Amino acid sequence: MTLVLQSAGSAVTGHVEFADSPCFANATLSGTLQSSQLMADIVDSPNKAALRTTLNGGTMVGTYVVTQGTTCTGDEGSVALARRP
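Counting along the sequence shown from 1, when you hit position 4 you're at 18 in the working numbering, and nothing is skipped either side.
Shown next as structure tokens:
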């Protein structure tokens with residue numbers, strides 16, 4: 015997974031690229047950042063996932079769950095992402 019994020023105040027938007035996902039390829043992300051918590055939705059129509067992470071320096075750790083779409087609905091798991099230098 016590759017994230018490219020932009021923020022304006024507490025609003026966060028961006029683009030998400032997935033490798034080898036049957037339901038997400040190139041998706042959009044929109045959400046809010048409050049303190050160190052990012053709560054966002056990832057959408058690649060008709061699929062949608064909820065992403066909940068904690069930011070710590072250059073690391074983002076959390077969970078996702080696919081809330082609507084095709085065969086991936088209900089899939090869930092963890093994410094651990096690091097900022098590229």
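Glycine residues also receive a C-beta, built at the ideal position from the N, C-alpha and C atoms. Small disclaimer: the values here were computed from a predicted structure and weren't measured.
(1) Secondary structure at G23, three-state DSSP: helix, strand or coil?
(2) Which term fits V30, buried or exposed, when burial requires 16 or more other beta carbons within 10 angstroms of its beta carbon?
(3) Could you name the residues that DSSP lists as bridge partners for M53?
(4) From this set, A64, D34 and V26, which residue's C-alpha is nearest G83's C-alpha?
(5) Using only CA atoms, which one of R98, Q51 and L19 lies nearest to T77?
(6) How about G28 and L43: do their beta carbons lie closer than 8 Å?
(7) Tell me the rounded alpha-carbon separation between A25 and M53.
(8) Compare the C-alpha of V80 against each of I56, P99 and T68 and name the closest.
So, from the data block:
(1) Counting from one through the sequence shown, the residue named residue 23 turns up at place 9. Note: G23 maps to coil in three-state DSSP.
(2) In the sequence shown, counting from the first residue as 1, residue 30 sits at position 16. Its Cβ being crowded by 16 or more others within 10 Å, V30 is buried.
(3) Here residue 53 corresponds to residue number 39 of the sequence shown, with the count starting at 1. DSSP, once it has assigned bridges, lists T46 and R66 as partnering M53.
(4) Taking the first residue of the sequence shown as 1, we reach residue 83 at position 69. When each option's Cα is compared against that of G83, the closest is A64.
(5) Translated into the one-based positions of the sequence shown, residue 77 becomes position 63. Of the candidates R98, Q51 and L19, the one whose C-alpha sits nearest the C-alpha of T77 is Q51.
(6) Taking the sequence shown and counting its residues from 1, one reaches residue 28 at position 14. Taking the sequence shown and counting its residues from 1, one reaches residue 43 at position 29. A contact, by the Cβ cut-off of 8 Å.
(7) Translated into positions along the sequence shown, residue 25 becomes position 11. Translated into positions along the sequence shown, residue 53 becomes position 39. Straight-line Cα distance between these residues: approximately 10 Å.
(8) Your numbering for residue 80 matches position 66 in the sequence shown. The residue with the shortest Cα to Cα distance from V80 is I56.
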